[in-house]
Structure formats: C-alpha cells, structure tokens
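Visitor: I am attaching a structure below and will ask some questions about it afterwards.
Protein chains: 2
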Amino acid sequence: MSVPRNAVILLSGGLDSATVLAQARSQGYACYALSFDYGQRHRVELDAAARVATLLGATEHRVSRLDLAMFGGSALTDLNIAVPEQLAAGIPVTYVPARNTIMLSIALAWAEVLGSRDIFIGVNAVDYSGYPDCRPEYIAAFEAMGNLATKAGVEGQQLRIHAPLMQLSKAQIVALGTTLGVDYTATISCYQADASGRACGVCDSCRLRHQGFVEAGVADPTRYAVTP
Amino acid sequence: MSVPRNAVILLSGGLDSATVLAQARSQGYACYALSFDYGQRHRVELDAAARVATLLGATEHRVSRLDLAMFGGSALTDLNIAVPEQLAAGIPVTYVPARNTIMLSIALAWAEVLGSRDIFIGVNAVDYSGYPDCRPEYIAAFEAMGNLATKAGVEGQQLRIHAPLMQLSKAQIVALGTTLGVDYTATISCYQADASGRACGVCDSCRLRHQGFVEAGVADPTRYAVTP
Chain A
1 MSVPRNAVIL LSGGLDSATV LAQARSQGYA CYALSFDYGQ RHRVELDAAA RVATLLGATE
61 HRVSRLDLAM FGGSALTDLN IAVPEQLAAG IPVTYVPARN TIMLSIALAW AEVLGSRDIF
121 IGVNAVDYSG YPDCRPEYIA AFEAMGNLAT KAGVEGQQLR IHAPLMQLSK AQIVALGTTL
181 GVDYTATISC YQADASGRAC GVCDSCRLRH QGFVEAGVAD PTRYAVTP
Chain B
1001 MSVPRNAVIL LSGGLDSATV LAQARSQGYA CYALSFDYGQ RHRVELDAAA RVATLLGATE
1061 HRVSRLDLAM FGGSALTDLN IAVPEQLAAG IPVTYVPARN TIMLSIALAW AEVLGSRDIF
1121 IGVNAVDYSG YPDCRPEYIA AFEAMGNLAT KAGVEGQQLR IHAPLMQLSK AQIVALGTTL
1181 GVDYTATISC YQADASGRAC GVCDSCRLRH QGFVEAGVAD PTRYAVTP
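Sequence order for the protein chains is A and B. For the first sequence, the numbering used here gives the first residue as 1, with consecutive numbering after it. For the second sequence, the numbering used here gives the first residue as 1001, with consecutive numbering after it.
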C-alpha cells in the first residue's frame, strides 16, 4: 500500500473550494484543509468549511486567524463599504487586497512543515476576471516565488500550486463537483449570509452560484432569502 | 512642498529593521511600520519595535497578529526546539517556514490600501545565507509575484521590494545605522531575550550582533546576560 501524498487545500466553505477538496481527495491526496478567520463579514462560511472538511474526508482542518480587517479597503472586511448587488467592470470592491497571496503564503508554511509540495486553491479566471490574484499568470508567479522561499525548494523539490478550476465556468464546476459527490447544501458562497447560513440571493457571489446550477442543469439546494 | 511617498517597513524591533527604517526615513518616505506578533518566543522584540518606530519618526506603527506557532517547525515558535548556540551549516532551526513570504504578503495588503508601491525589508544574504527567503533571487521573485497579485500592479504601477541591507555585513549595517543616528539601545536582536529586554549573549543572533559592533568599531550598547 502506498502512502498518500500530503496536500494543503485552501478551503473557504464555498462551492469552489469544496469542489477542489473533492478533486484532491479523488486524486488520492491526504488533504490538510486550511481556512481563515480574517475578519470577513460572512464568518458563517467557517462553519461551512468545517462541515465540508468532515464530509469530504480531509485528514485535518485548521482555521488560521488573520486580521485583514485591520487594513480595510474591501467590502468583505469593511462594514462601511456595501456589498454590490450587480457585477461591475474592473476590480470589484469585494476584492480583498493581497488576500490570495496571504492565504497561499500561510498554506506554504503549513505545506513546508508537513513535507508537502502540493497546494490546492479554487481560484477561477472565468467568473472572477476582475480579481488580479485569480489569474493563471499570478498563480505561476506565486509558484516560482514559493520555490525560492522555502527549504524544500532549495533542496530541489518542486512546489506545485494546483488551481484546477482556473478555466472552468461555474456550471462546469457544479457539474464536476456533482460527479465527485459534493453535497453543496453544506457550502456557503454568499458574501453576507445570515447567522443560520441562509444566503442573501442578491450579491455577486449568490448570482454566480445560482446561475451555475441553472446552467449545469442541477437543482440548486441553496437556501436564499431572495431567490436570485 | 512635495508630499512624501508612503512606504511600508517591516519592523521586527531588531538592529537590521531599525536601520532600514532610518534609511527609508532619510530618503524622505512617510513610513508605515509593520510588526508581527506571530507566536515568537522573543515577544519582547515587539516593545522594541514600538520604541524604534517612535524614535525614528514612523508615521504609524501597527502590529499584526499571526499564529505561525500553529504549524511549529522552528526553534523560534516551538518551545520544544532549542535555540542553537552556534552557527551550523545549512538552513538553521531558527528558520520559520515561509515567514518572510507571509510578512511581505501582509505588507503588500497594507501597501495596496495606502496606495504605496514601496515595501522595505531588512533581509541580508551575508549573515543569513542559510535562510532561503533572505536571498536576492527570492526578493526579485516576490516583487514579480506582487505586481501580478495587486490592483496597482495591474494598473501598471511598479511594486518595489527594497532590501537595502542585502549585501552588507553586520558591521556595515551598524556603521550605516550609526551614521543615520539609530539608537541601537532601543533594539533587540536576541532570539530569547528576557522580559526586561536583556539579551542572552549566546544565540546566533547575539553573536552576529556583537561581532558587528566589534568589527564596526562602535561600542556595543546591548545589555547581555552573558557577554558574547
């Protein structure tokens, strides 16, 4: 029996990262799921992350506390900036400065301690084209930097940042996850879900999610306050 | 009167980062000093960082809490790993996995919110050749990644990671700081300073620091438990 390779999976509790965790598990990785309590207004997603980690068989799930709200600058961490109800051109106000870079950096630390050279992240260049840190060239640059940053990189072990959803539409992600057996009722995508986990139905993230289910021809199991 | 440009300065409270802050100030930057409470055993360095920020005229000083000890893997965050008393070949046990990457990433977030494209870090390839994330090629790779990660980078504003101490010996750093008027009594370099800020005198960091003063021909103002 071969020993599974360890991977660190960034797990927000949303639809995308749940799908990524399911895919990494299906590829035989022992998965160390990492979530962040970063001052986000939708902290209820952390409960979703814990449920998803258990349901999909993560070896371990840790939540790292990180005060991104101390800098503000995003609708997700600054209660004075409203969550927009429709997609606009350019970089959205829900962009959190350097968020993926910070999360990948902390994943890099855990990976190094675990002796893992595989990090999975659910970024997507199709639906989130406005986020600079969701582009393939960014992921490639992080991988190059990460190889120079770490002991394992110096010793010649190649770091790989897996972004398997990069070129998929939301409908394709829903279809992939459904094939892999993901129970999407456990996930929360909404930027302003209420304490019970009910999604608002009007933010960007709710609209994209619902549209994904519709286009995939899969019944949307999400509880919405207002049907998108 | 021209408006000073903003810069984010990583400030540990040690000799190197104090010198970097003095240099950035001398170049006319409005300096936003950033320290980390990351579970380090030498937390007393945070008091030093606050003193240094005030003495050297930082515009603002913030301390970001970050739980690097949750992963362990270093003598600086794991009390079960002893701080070594002499320099050894290879990567030292005081190396903290991905520490500089995480700190630079959080500096990148603050810089983006401040509209700054200048981050200063006191890494040094001469004395800390064993740390992968203190090498010039690492800093260059971080800069390339940071430009792709951020809104400002997408809009064509070039990020610069300044590492002005990179090629200096500890003696040259002491000489530079002395010229710039740094009061090194305010700084703490020791990996295991006591609660009063007294340095142990036997760890790598104390030895390097003391040797720097000796070679620079500057009186070492450090309070040591054991003279190095």
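Ideal placement from N, C-alpha and C gives every residue a C-beta, glycine not left out.
(1) Residue ranges of each beta strand (DSSP E) run of no fewer than 3 residues wholly in the segment 175-212 of chain A, ordered along the chain?
(2) From residue 45 of chain A to residue 196 of chain A, what does the alpha carbon distance come to, in whole angstroms?
(3) Which of the three DSSP states is assigned to residue 98 of chain A in this structure?
(4) With 8 Å as the threshold, decide whether the Cβ of residue 33 of chain A is near any Cβ in chain B.
(5) In this structure, how does DSSP classify residue 8 of chain A when only helix, strand and coil are distinguished?
(6) Write down every uninterrupted run of the alpha helix (DSSP H) in the segment 128-162 of chain A whose length is 4 residues or greater and which is fully enclosed by it, in chain order.
(7) Using a Cβ-Cβ cutoff of less than 7 Å, which residues in the same chain neighbour residue 1227 of chain B once the five nearest sequence positions on both sides are dropped?
(8) If you draw a straight line from the alpha carbon of residue 1059 of chain B to that of residue 144 of chain A, how long is it in whole angstroms?
(9) Within the chosen definition, does the segment 1028-1039 of chain B reach the segment 1052-1071 of chain B through at least 3 CB pairs nearer than 8 Å?
(10) Per DSSP, what kind of secondary structure is residue 1062 of chain B in: helix, strand or coil?
(11) Whose C-beta lies closer than 6 Å to the C-beta of residue 139 of chain A among residues of the same chain, with five residues either side of it excluded?
(12) Run through chain A and tell me which residues come within less than 8 Å of residue 1050 of chain B, C-beta to C-beta.
(13) Answer with yes or no whether the minimum CB distance from residue 1239 of chain B to chain A is below 8 Å.
(14) Mind checking if residue 105 of chain A is an interface residue toward chain B, Cβ cutoff 8 Å exclusive?
(15) I'd like the span of the alpha helix (DSSP H) that includes residue 35 of chain A, first residue to last.
(16) Looking at chain B, is there any beta carbon in it that lies within less than 8 Å of the beta carbon of residue 9 of chain A?
(17) Residue 64 of chain A touches chain B at which residues, Cβ-Cβ below 7 Å?
(18) Got a sec: which bits of the segment 1129-1141 of chain B sit with their beta carbon under 8 Å from any beta carbon on chain A, in order along the chain?
(19) Examine the Cβ distances between the segment 165-178 of chain A and the segment 206-217 of chain A and report whether three or more of them are shorter than 8 Å.
(20) Output the distance between the C-alpha atoms of residue 1106 of chain B and residue 1098 of chain B, rounded to the nearest integer angstrom.
(21) When burial is assigned at 16 or more other CB atoms within 10 Å of the CB, is residue 192 of chain A buried or exposed?
(22) Should residue 1179 of chain B go down as buried or exposed, given a rule of 16 or more other Cβ atoms within 10 Å for buried?
(23) Out of B:1114, B:1004, B:1052, B:1005, which one is the CA nearest neighbour of residue 1234 of chain B?
(24) Please state the DSSP three-state secondary structure of residue 173 of chain A.
(25) For residue 165 of chain A versus residue 124 of chain A, is the C-beta distance shorter than 8 Å?
(26) Kindly indicate which residue of A:207, A:189, A:208, A:118 has the alpha-carbon position closest to the one of residue 4 of chain A.
(27) Judging by CA-CA distance, which residue of A:25, A:183, A:194, A:204 is the nearest neighbour of residue 220 of chain A?
(28) Would you tell me roughly how many angstroms separate the C-alpha atoms of residue 114 of chain A and residue 1218 of chain B, rounded to the nearest one?
(29) Using the C-alpha atoms, what's the distance from residue 133 of chain A back to residue 189 of chain A?
(30) How far does the beta strand (DSSP E) with residue 1016 of chain B in it extend, from its first residue to its last?
(31) Hey, could you find the ends of the beta strand (DSSP E) residue 1118 of chain B is sitting in?
(32) Is there a Cβ of chain B sitting closer than 8 Å to that of residue 45 of chain A, yes or no?
(33) Are residue 1007 of chain B and residue 1116 of chain B close, meaning C-beta to C-beta below 8 Å?
(34) So that I know if they touch, is there some Cβ in chain A lying closer than 8 Å to that of residue 1001 of chain B?
(35) DSSP three-state label for residue 1220 of chain B, please.
Guide: The short version:
(1) Counting only runs of 3 or more, we get nothing.
(2) On the first sequence, position 45 is the one that residue 45 of chain A refers to. On the first sequence, position 196 is the one that residue 196 of chain A refers to. Whole-angstrom Cα-Cα distance: 10 Å.
(3) The residue you call residue 98 of chain A lines up with position 98 of the first sequence. Annotated three-state conformation of residue 98 of chain A is coil, per DSSP.
(4) Mapped onto the first sequence, residue 33 of chain A falls at position 33. Residue 33 of chain A has a beta carbon lying at 8 Å or more from every beta carbon in chain B.
(5) Here residue 8 of chain A refers to the residue found at position 8 when the first sequence is read from its first residue. Strand.
(6) Every alpha helix (DSSP H) of 4 residues or more that sits fully in the segment 128-162 of chain A is shown, in chain order, as 136-149, 151-154.
(7) One-based indexing of the second sequence puts residue 1227 of chain B at position 227. Cβ neighbours of residue 1227 of chain B within its own chain (closer than 7 Å, five residues either side excluded): 1201.
(8) The sequence position of residue 1059 of chain B within the second sequence is 59, counting from 1. The sequence position of residue 144 of chain A within the first sequence is 144, counting from 1. CA-CA distance, residue 1059 of chain B to residue 144 of chain A, rounds to 34 Å.
(9) Contact holds: three or more Cβ-Cβ distances are below 8 Å.
(10) On the second sequence, residue 1062 of chain B is found 62 positions in, with the first residue counted as 1. Strand, per DSSP.
(11) Against the first sequence, residue 139 of chain A aligns to sequence position 139. The beta carbon of residue 139 of chain A is closer than 6 Å to those of 161, 163 in its chain, skipping five residues each way along the sequence.
(12) Walking along the second sequence from the start, residue 1050 of chain B turns up at place 50. Within chain A, no residue comes near residue 1050 of chain B; the closest Cβ sits about 16 Å away, beyond 8 Å.
(13) With chain B covering 1001 to 1228 only, the question about residue 1239 of chain B has no answer from this structure.
(14) Your numbering for residue 105 of chain A matches position 105 in the first sequence. At least one beta carbon of chain B lies nearer than 8 Å to the beta carbon of residue 105 of chain A.
(15) As a working note, residue 35 of chain A is residue 35 in the first sequence. Element bounds for residue 35 of chain A: not the alpha helix (DSSP H) but the beta strand (DSSP E), 30-37.
(16) Working through the first sequence from its first residue, we reach residue 9 of chain A at position 9. False, the Cβ-Cβ gap to chain B never drops below 8 Å.
(17) The residue labelled residue 64 of chain A in the question sits at position 64 within the first sequence. Going along chain B in sequence order, the residues near residue 64 of chain A (Cβ under 7 Å) are 1067, 1070.
(18) Within the segment 1129-1141 of chain B, the qualifying residues are 1132, 1133, 1135, 1137, 1138, 1141.
(19) Yes, they touch.
(20) Working through the second sequence from its first residue, we reach residue 1106 of chain B at position 106. Working through the second sequence from its first residue, we reach residue 1098 of chain B at position 98. Each residue's Cα considered, the two are about 12 Å apart.
(21) To locate residue 192 of chain A, count along the first sequence from 1; it is residue 192. Here residue 192 of chain A is buried. Its C-beta has 16 or more other C-beta atoms within 10 Å.
(22) Against the second sequence, residue 1179 of chain B aligns to sequence position 179. So residue 1179 of chain B counts as exposed.
(23) With chain B represented from 1001 up to 1228, any question about residue 1234 of chain B goes unanswered, as that position is not in the structure.
(24) Working through the first sequence from its first residue, we reach residue 173 of chain A at position 173. Helix.
(25) Walking along the first sequence from the start, residue 165 of chain A turns up at place 165. Walking along the first sequence from the start, residue 124 of chain A turns up at place 124. When the beta-carbon positions are compared, residue 165 of chain A and residue 124 of chain A come within less than 8 Å of each other.
(26) The residue labelled residue 4 of chain A in the question sits at position 4 within the first sequence. Put simply, of A:207, A:189, A:208, A:118 the residue whose alpha carbon is nearest the alpha carbon of residue 4 of chain A is A:118.
(27) Reading the first sequence from its first residue, position 220 is the one you call residue 220 of chain A. Between residue 220 of chain A and the set A:25, A:183, A:194, A:204, the nearest pair of CA atoms involves A:183.
(28) Position 114 of the first sequence, counted from the start, is the residue given in the question as residue 114 of chain A. Position 218 of the second sequence, counted from the start, is the residue given in the question as residue 1218 of chain B. If I take the Cα positions, the gap works out to 44 Å.
(29) Taking the first sequence and counting its residues from 1, one reaches residue 189 of chain A at position 189. Taking the first sequence and counting its residues from 1, one reaches residue 133 of chain A at position 133. Distance from the CA atom of residue 189 of chain A to the CA atom of residue 133 of chain A, rounded to whole angstroms, is 18 Å.
(30) For the purposes of this step, residue 1016 of chain B is taken as the residue at position 16 of the second sequence. Taken as a continuous stretch (DSSP letters only), residue 1016 of chain B belongs to no beta strand (DSSP E), being part of the alpha helix (DSSP H) at 1015-1026.
(31) Within the second sequence, the letter at position 118 stands for residue 1118 of chain B. Here the beta strand (DSSP E) through residue 1118 of chain B covers 1118-1120.
(32) What you label residue 45 of chain A is simply residue 45 of the first sequence in a count that begins at 1. In terms of beta-carbon proximity, residue 45 of chain A stays away from the interface with chain B, with every pair separated by 8 Å or more.
(33) Position 7 of the second sequence holds residue 1007 of chain B. Position 116 of the second sequence holds residue 1116 of chain B. Contact: yes.
(34) Counting from one through the second sequence, the residue named residue 1001 of chain B turns up at place 1. Legend: pLDDT at residue 1001 of chain B = 48, less than 50; position of this residue unreliable, value from coordinates given subsequently. Interface flag for residue 1001 of chain B against chain A is unset, since no Cβ pair is found closer than 8 Å.
(35) What you label residue 1220 of chain B is simply residue 220 of the second sequence in a count that begins at 1. Looking at residue 1220 of chain B - three-state DSSP - the assignment turns out to be coil, as it is neither helix nor strand.
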